[in-house]
Amino acid sequence: MHRGIAVLAFTLTGLVFIGVVGLAAPAGIGADSATITASASTIESDVSEANGSVSEEAYVEPAPEEGELYYEAGDDDWVSYINPRDEYRSPYLGDGSGKIGVTLLNEAGEPIVGESVPDTTVTIETGEKLSWHSEANPVTVQYPLTDHYDRPLDSDQFGTTDDLVQGDGYMDTHSIEMHGLEENATIEYGEVQIEGEHADKIDVVGYIEQPNEAWDTDVDAIEDAESYEEVGGEWTYTPDGSHGQVVVVLQLDSDETGVDGEENDHSGTPVVSETGSAEGSSDDGDESDDSADGESDDGESDDGDNTDDADVIPGFGVPAVIVALALVALALTRRQSG
């Protein structure tokens, strides 16, 4: 009898131990659970950065300051930088001058050099009036700019700062410059053409033309761009307005690249929505019953009080203890009745 009771007692002890471990599991695995959650968050962050940021990071090139290489001249109204594609007509016919440029932006509207769209060529027809310019008739721009040009970005065409009379202090445009045209000349430019394997990834946002005046950088490259029909494809110099420019604004098409740049803060960290999930994650991940970051469906963070099967390691717990006690009671009853 005593031997049987001892066996049952040993069994009871083992079951009780397993039950206690099962009950303690949620608190005991806190560190491991945090590791699992962190790993899931990392995966979600990677998805967010791939689908909610940009497919090409901004190309940050500070504008040259006075005394630095490539700084040319400036006064209280304008500033000019040395551009290897700046040419003077010979014979010199007048003071007509200007630029024809191209700005390429990523999905977030930041200037880039086209590393994500290699072997892509942008062409702008300019006609006989600029046939003397070695970079014109037509103007061609090849991406990535860093592989084809010593000065990939040569102009600061957009943005403002209190420290500069023009621009925001960062280069954003690849352009040609021309000088020496007669002051009543008409400059013509055709509709931009994009060719190459990645041409479908580039959207033509529009054209920003400013004839007969110095370039006003206090414009938005995207919002202020107009269609080719609206700008008309030409401008004519006047004796009192012998400078004119046009910039063709291009942008990576998020529908083609699969990247949405509007929901990222561009600091390398995904923007977190009000529900706590990283923006840009897939719909399937948003609809998952068991949130990888430990949040419930209503967006409230789980603090350990609410657990589910995914959060708790299975154990025998209280039911095991009850079953063990019942077995002991049954055994003792049978012994006494025998």
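One point on numbering: in UniProt numbering, the residue at position 137 of the sequence shown is 137, and numbering is uninterrupted. Quick reminder that beta carbons are idealized off the backbone N, C-alpha and C, glycines included.
From residue i to residue j, what does the alpha carbon distance come to, in whole angstroms?
| i | j | result |
| --- | --- | --- |
| His198 | Glu115 | 11 Å |
| Val113 | Leu145 | 5 Å |
| Leu252 | Glu110 | 10 Å |
| Asp77 | Glu68 | 20 Å |
| Asp75 | Glu226 | 30 Å |
| Gly206 | Leu250 | 7 Å |
| Ser53 | Ser254 | 10 Å |
| Leu130 | Pro62 | 30 Å |
| His133 | Asn83 | 14 Å |
| Asp224 | Asp150 | 29 Å |
| Glu65 | Gly98 | 22 Å |
| Ser288 | Asp260 | Confidence at Ser288 is low in this model, with a pLDDT of 36, below 50, so its placement is unreliable and no value can be given for it. |
| Ala136 | Glu125 | 8 Å |
| Asp119 | Gly196 | 6 Å |
| residue 351 | Gly96 | Lying before the first or after the last residue shown, residue 351 is absent from the chain, which here runs from 1 to 338. |
| Tyr92 | Tyr189 | 21 Å |
| Ala73 | His243 | 16 Å |
| Glu229 | Tyr71 | 35 Å |
| Glu191 | Gly127 | 12 Å |
| Ala163 | Leu153 | It should be pointed out that residue 163 corresponds to Asp in this sequence rather than to Ala. C-alpha separation (whole angstroms): 20 Å. |
| Gln210 | Gln245 | 5 Å |
| Asp293 | Leu105 | Confidence at Asp293 is low in this model, with a pLDDT of 37, below 50, so its placement is unreliable and the value that follows should be read with caution. Cα-Cα distance, rounded: 33 Å. |
| Glu49 | Gly232 | Below a pLDDT of 50, predicted positions are generally treated as unreliable, and Glu49, at 39, falls in that range; the measurement from the model is reported next regardless. Going from the Cα of Glu49 to the Cα of Gly232 covers about 40 Å. |
| Gly94 | Tyr81 | 21 Å |
With distances taken between CB atoms, is the gap from residue i to residue j smaller than 8 Å?
| i | j | result |
| --- | --- | --- |
| His148 | Arg89 | no |
| Glu208 | Val165 | The displayed chain sequence assigns Ile, not Glu, to residue 208. No, the Cβ-Cβ distance between Ile208 and Val165 is not below 8 Å. |
| Lys201 | Val102 | no |
| Glu87 | Thr257 | no |
| Ile100 | Ser175 | yes |
| Ile194 | Val79 | no |
| Arg85 | Glu177 | yes |
How far does the beta strand (DSSP E) with residue i in it extend, from its first residue to its last?
| i | result |
| --- | --- |
| Tyr88 | 86 to 88 |
| Ser80 | 79 to 81 |
| Glu195 | 193 to 196 |
| Val219 | From DSSP, Val219 is part of no beta strand (DSSP E); its letter is neither H nor E. |
| Asp203 | 202 to 210 |
| Gly251 | Reading the sequence as shown, one finds Gln at residue 251 and not Gly. Start and end: 243 to 252. |
| Ile124 | 120 to 124 |
Assuming residue i is part of the alpha helix (DSSP H), what are its boundary residues?
| i | result |
| --- | --- |
| His148 | 145 to 148 |
| Asp260 | That residue, Asp260, is in no alpha helix (DSSP H); it is neither H nor E in DSSP. |
Can you pull the DSSP bridge partners for residue i?
| i | result |
| --- | --- |
| Ile187 | Trp235 |
| Ala73 | Ser80 |
| His179 | Tyr88, Ser97 |
| Tyr170 | Pro62 |
| Gly155 | First, the amino acid is wrong: residue 155 is Ser here, not Gly. Its beta-bridge partners are Thr173. |
| Glu226 | Tyr207 |
| Val139 | Ile124 |
| Leu104 | Leu250 |
| Thr160 | Gly167 |
Would a check of beta-carbon distances place residue i closer than 8 Å to chain D?
| i | result |
| --- | --- |
| Asp253 | Absent here is chain D; the protein component of the structure consists of one chain. |
Three CB pairs or more closer than 8 Å across the stretch 169 to 185 and the stretch 228 to 239:
Because the criterion of three Cβ pairs below 8 Å is met, the stretch 169 to 185 and the stretch 228 to 239 touch.
Does the stretch 53 to 73 come close enough to the stretch 153 to 173 that 3 or more CB-CB pairs lie under 8 Å?
Because the criterion of three Cβ pairs below 8 Å is met, the stretch 153 to 173 and the stretch 53 to 73 touch.
Report yes or no: do three or more beta-carbon pairs, one from the stretch 217 to 229 and one from the stretch 152 to 160, lie closer than 8 Å?
Three or more beta-carbon pairs drawn from the stretch 217 to 229 and the stretch 152 to 160 are found closer than 8 Å, and the two stretches are therefore classed as touching.
Pair every Cβ in the stretch 134 to 141 with every Cβ in the stretch 199 to 215, then say whether three or more of these pairs are closer than 8 Å.
The stretch 134 to 141, when compared against the stretch 199 to 215, does not touch it at the 8 Å Cβ threshold.
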